[in-house]
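Participant: So for the sequence shown, the numbering used here puts the first residue at 3; every next one is plus one.
Positions of the beta carbon are idealized from the N, C-alpha and C atoms, including for glycine.
From a predicted model like this one, the values you see are computed outputs, not experimental measurements.
Quick one: structure below, then a few questions.
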Amino acid sequence: MAEILLIDGAYGTELLDRIPPDRPCSALNLTRPERVVELHRAYLAAGARALRTNTFSATTRQEVQAGVRLAREAAGREALVFGSLGPAAAPEACQWLAEARINVVVLETFLDPAELRRAVDRARDAGIVGVIASMAADVLPLLADVEIPAVNCID
């Protein structure tokens, strides 16, 4: 029987709900590390057995190193730690994850297939053995002629 590995959920969305959005979420690894660890632990409590580093938009080695350290701190022996990179991350971020001994990276929310291919190549060149690659579809042009009804929300 195949085993199912439950991976954590969105970091950016959750962190932005918890902390005012005055900087990229990856900067919180340095400025509010306790909030990042708190979110990792919430995902563990919900059943996740793989945590992604809070490095989706990382642009500095320090953000990546801190993101890896925080995810490992929260994971302990309960979960695996995967790197996370999005299209806004620095091209060197794959190398920085590899230097931190991350073996699996999740490349997330890429819109351009060629850009995703370059990110996969950078991960492989850095020595990362596992790559999970995902794309996001830009559906706004598809909805241009669709009338969406207004919804009233009452507390």
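1. Provide the residue span of the alpha helix (DSSP H) that contains Asn57, from first to last.
2. At least one CB of chain B closer than 7 Å to the CB of Ala29: is that the case?
3. Sorted by chain position, which residues of the same chain lie with C-beta nearer than 8 Å to Asp114's C-beta, five sequence neighbours on each side aside?
4. Tell whether a beta-carbon distance below 7 Å holds between Arg74 and Asp10.
5. How big is the Cα-Cα spacing for Asn105 and Leu41?
6. From the DSSP output, in three-state form, read off Val131 for me.
7. Looking only at its chain, what residues have a beta carbon closer than 7 Å to the beta carbon of Val148, apart from the 5 residues adjacent to it on each side?
8. Tell me whether Leu109 is buried or exposed, calling it buried when 16 or more other Cβ atoms sit within 10 Å of its Cβ.
Facilitator: Result, derived from the coordinates:
1. It should be noted that the sequence gives Thr, not Asn, for residue 57. First-last for Thr57: undefined, no H or E at that position.
2. As a matter of chain content, chain B is missing from the structure shown, which is built from one protein chain.
3. Beyond the five residues adjoining it in sequence on each side, Asp114 comes within less than 8 Å, by CB distance, of Pro89 in the same chain, given in chain order.
4. Against a cut-off of 7 Å, the Cβ pair of Asp10 and Arg74 comes out as no contact.
5. Taking C-alpha positions only, Asn105 is separated from Leu41 by approximately 22 Å.
6. In the three-state reduction of the DSSP assignment, Val131 falls in the coil class.
7. Since pLDDT at Val148 reaches only 48, below the 50 mark, its modelled position is unreliable, and no value is offered.
8. buried
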